[in-house]
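Notes follow once the structure below has been shown.
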Amino acid sequence: MHIVVFAVVLMLPALQNEGFLSGVVIHDDCSDIIVEAGERKCGLEGSGGFRDIDPTSCTLKCSGNERPKLPKEVCSNGELVCGTFERERLLNWQQKVQHTLHEVLLKWCPGYQKK
């Protein structure tokens, strides 16, 4: 009996954190998605790195002058909204940003696909 309890105590944290066992990164909240995609989006806009979010204008604050827009559904009344629908919208946006980056690399970096 003690062995079973000990095994469950050791395994429980790993089972609760699905990404730990599967190797898949699980985004906990919308800000994780925004930071990751925002860094790429600011770079693609030629405006340096991601600095912050402006939920009032629903834009990213980059280190340069550009202010790329976030999906409008994730901002309401000057605040970031992060429900199931908004999180899914951010994941779709993140995928579009990643696709754009992929297209730029294909066009401008001859060795990109040869890896």
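All the letters of the sequence shown, read from the start, carry residue numbers -19 to -1, 1 to 96 under mature numbering (1 follows the signal peptide of the UniProt record, and there is no 0). Glycine residues also receive a C-beta, built at the ideal position from the N, C-alpha and C atoms.
*Is the Cβ of T65 closer than 8 Å to any Cβ of chain D?*
Absent from the structure: chain D. Only one protein chain is present.
*Given that a residue counts as buried once 16 or more other Cβ atoms are within 10 Å of its Cβ, and exposed if not, what is V78?*
In the sequence shown, counting from the first residue as 1, residue 78 sits at position 97. Flag for V78 reads buried.
*With a 10 Å radius around its C-beta and 16 neighbouring C-beta atoms as the bar for buried, classify residue 99 as buried or exposed.*
Only positions -19 to 96 of the chain appear in the structure, and residue 99 is not among them; the question remains open.
_Our contact map puts L71 next to I34 with C-beta atoms below 8 Å; I'd like the distance itself, whole angstroms only._
Here residue 71 corresponds to residue number 90 of the sequence shown, with the count starting at 1. Here residue 34 corresponds to residue number 53 of the sequence shown, with the count starting at 1. 11 Å between Cβ atoms; not a contact.
*Backbone secondary structure at L51 - three-state DSSP*: Your numbering for residue 51 matches position 70 in the sequence shown. Coil.
*C-alpha distance - E60 paired with K53, whole-angstrom precision*: Within the sequence shown, numbered from 1, the residue matching residue 60 stands at position 79. Within the sequence shown, numbered from 1, the residue matching residue 53 stands at position 72. Near 11 Å, if we compare the C-alpha coordinates of K53 and E60.
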